[in-house]
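Protein chains in written order, with this note's numbering: chain A, 90 to 275; chain B, 90 to 275. For each residue, glycine too, the CB sits at the ideal point set by N, CA and C. None of these values were measured; they are calculated from a predicted model.
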DNA sequence: AGCAATCTGTAGCAGCCGCTACAAGCAGGC
DNA sequence: GCCTGCTTGTAGCGGCTGCTACAGATTGCT
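This is how it looks when you write it as structure tokens:
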């Protein structure tokens with residue numbers, strides 16, 4: 090029979106995935122120690138023991154989220170080089186607006202907001218995630234593209250604008266904007 | 090001689106500007122009733138008397154912010170029609186990144202985050218503000234533009250992408266993206 | 001075995017949160 | 001005056017916040 094739950098040692102590393110799951114589901118703003126601890130199967134006492142401070146925990150959590158975003162990107166977007174700018178744009182937008190990415194997108198805007206307000210740990214995480222996406226785009230620009238570096242940044246700007254408009258219920262506006270850019274088809 | 094401070098009647102309308110000033114300075118996330126009340130020269134008791142609930146207060150505050158954003162836009166951007174798409178884009182970006190707009194931009198990302206999380210009152214306010222900006226753009230597209238509606242939406246997408254990248258410290262990326270779009274010059 | 005260092009549970013602190021009960025102040029109508 | 005209804009102050013509720021003091025358990029080393 091199954092004995093009483095084991096007590097495997099916890100470390101920052103084993104805790105972070107559970108914490109990440111919790112903030113993805115419930116948001117960063119409402120994340121307080123006791124619910125966070127419960128989601129990770131510990132007590133607030135232990136979270137503070139391992140991380141020292143809530144602020145430090147949050148910073149490590151954001152860094153962890155940036156790392157897992159990087160892995161998720163590689164897994165979802167794959168190594169195949171798109172044939173055109175249009176295809177690169179479409180691939181990223183489909184990924185970003187997929188069902189599975191919705192919790193992350195909700196979290197993303199909180200990260201942007203924290204970054205804009207200068208909260209500790211937010212700006213580095215946000216920079217890293219955007220850097221990751223830019224890296225993927227730049228390394229996968231179509232063969233023979235006249236300006237891969239600039240083109241990747243242009244696409245990135247369009248992508249982020251599209252995602253922001255979608256986040257506030259202006260997805261139609263964004264769709265028509267992309268149509269007019271010539272980088273999407275009806 | 091100046092007597093003791095008067096007690097002019099307060100109403101929702103007279104309170105909102107002071108409340109708006111406070112959230113612009115300190116953010117929506119940390120806005121709690123007592124500090125809010127102090128900034129408006131009242132007590133938490135009175136805020137709840139006038140608005141009923143913190144949630145209702147927040148919703149009215151967001152609506153008020155959307156209205157004042159609309160007025161600020163008209164005042165700052167003016168009625169003059171730009172000669173080119175480049176000029177329209179430049180004018181809005183200069184306005185949005187001006188010193189005076191920084192507190193508003195910080196607030197804006199909190200509004201987007203709330204909107205993405207489905208918090209009450211956030212989505213309508215965000216939609217309204219974007220709608221306002223889109224309206225200005227569309228009504229001021231250069232004379233003879235081949236596709237004013239699509240062009241305005243395309244510019245809006247670029248603008249929002251640029252602002253988001255700037256918010257997370259990727260202003261260089263955004264600048265190069267605009268350069269590559271052909272809608273900005275070095 | 002005995003000791004020391006590392007972990008973890010219990011209980012509680014002071015402080016803030018949104019909100020409310022109660023009563024006093026105030027105005028205008030009669 | 002006196003009553004009525006709107007506005008306001010005082011005080012406090014239960015609940016949550018991040019954090020900590022203290023004591024006990026567990027572990028590895030010798």
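8 Å Cβ cutoff, residue i in contact with chain A
| i | result |
| --- | --- |
| residue 266 (chain B) | yes |
| residue 118 (chain B) | yes |
| residue 257 (chain B) | yes |
| residue 204 (chain B) | yes |
| residue 210 (chain B) | no |
| residue 269 (chain B) | yes |
| residue 171 (chain B) | no |
| residue 230 (chain B) | no |
| residue 122 (chain B) | no |
| residue 70 (chain B) | This structure cannot settle anything about residue 70 (chain B), because the visible part of chain B is limited to 90 through 275. |
| residue 103 (chain B) | no |
| residue 201 (chain B) | yes |
| residue 263 (chain B) | yes |
| residue 63 (chain B) | Within the shown structure, residues of chain B are numbered from 90 to 275, placing residue 63 (chain B) beyond reach of any answer. |
Unbroken alpha helix (DSSP H) run spanning residue i, endpoints
| i | result |
| --- | --- |
| residue 115 (chain B) | 101-115 |
| residue 259 (chain A) | Run containing residue 259 (chain A): none; DSSP gives neither H nor E here. |
| residue 194 (chain B) | 191-206 |
| residue 220 (chain B) | 211-228 |
| residue 162 (chain B) | 143-166 |
| residue 176 (chain A) | 174-185 |
| residue 127 (chain A) | 122-129 |
| residue 137 (chain B) | 133-140 |
Beta carbon proximity, residue i to chain B, threshold 8 Å
| i | result |
| --- | --- |
| residue 100 (chain A) | no |
| residue 198 (chain A) | yes |
| residue 251 (chain A) | yes |
| residue 132 (chain A) | no |
| residue 236 (chain A) | yes |
| residue 239 (chain A) | yes |
| residue 94 (chain A) | With a pLDDT of 43 at residue 94 (chain A), under the threshold of 50, the modelled position of that residue is not reliable, and the figure given next carries that caveat. No, residue 94 (chain A) lies away from the interface with chain B (no Cβ there is under 8 Å from its Cβ). |
| residue 279 (chain A) | Nothing can be reported for residue 279 (chain A), as the shown portion of chain A is limited to 90 through 275. |
| residue 142 (chain A) | no |
| residue 183 (chain A) | no |
| residue 194 (chain A) | yes |
| residue 156 (chain A) | no |
| residue 215 (chain A) | yes |
| residue 110 (chain A) | no |
| residue 254 (chain A) | yes |
From the options, residue whose alpha carbon lies closest to that of residue i
| i | options | result |
| --- | --- | --- |
| residue 276 (chain A) | A:191, A:120, A:102, A:154 | Any question about residue 276 (chain A) goes unanswered here, given that chain A covers just 90 to 275. |
| residue 272 (chain A) | A:167, A:247, A:115 | A:247 |
| residue 113 (chain B) | B:100, B:158, B:219 | B:158 |
| residue 121 (chain B) | B:245, B:255, B:101, B:144 | B:144 |
| residue 268 (chain A) | B:242, B:250, B:255, B:177 | B:242 |
| residue 196 (chain B) | B:256, B:224, B:171 | B:256 |
| residue 156 (chain A) | A:218, A:142, A:167 | A:218 |
| residue 276 (chain A) | A:209, A:264, A:124 | Residue 276 (chain A) cannot be examined here, being either before or after the span of chain A that is shown, 90 to 275. |
| residue 173 (chain A) | A:251, A:223, A:232, A:209 | A:232 |
| residue 199 (chain A) | A:98, A:104, A:99, A:115 | A:115 |
| residue 212 (chain B) | A:188, A:254, A:249, A:211 | A:254 |
Next on the checklist: So, does the segment 202-220 of chain A touch the segment 169-184 of chain A, judging by three or more C-beta pairs under 8 Å?
Outcome noted: No, because fewer than three Cβ pairs between the segment 202-220 of chain A and the segment 169-184 of chain A fall closer than 8 Å, the two stretches do not touch.
Checklist entry - Taking contact to mean at least 3 C-beta pairs separated by less than 8 Å, is the segment 214-228 of chain A in contact with the segment 225-244 of chain B? => result Because the criterion of three Cβ pairs below 8 Å is not met, the segment 214-228 of chain A and the segment 225-244 of chain B do not touch.
Checklist entry - Is the segment 134-143 of chain B touching the segment 153-168 of chain B, taking contact as three or more C-beta pairs under 8 Å? => result Short answer: they don't touch.
Next on the checklist: Would you call the segment 106-118 of chain B in contact with the segment 137-152 of chain B, where contact means no fewer than 3 C-beta pairs closer than 8 Å?
Outcome noted: yes
Checklist entry - Touching or not, the segment 184-195 of chain A and the segment 123-132 of chain A, by the rule of three or more beta carbon pairs under 8 Å? => result no
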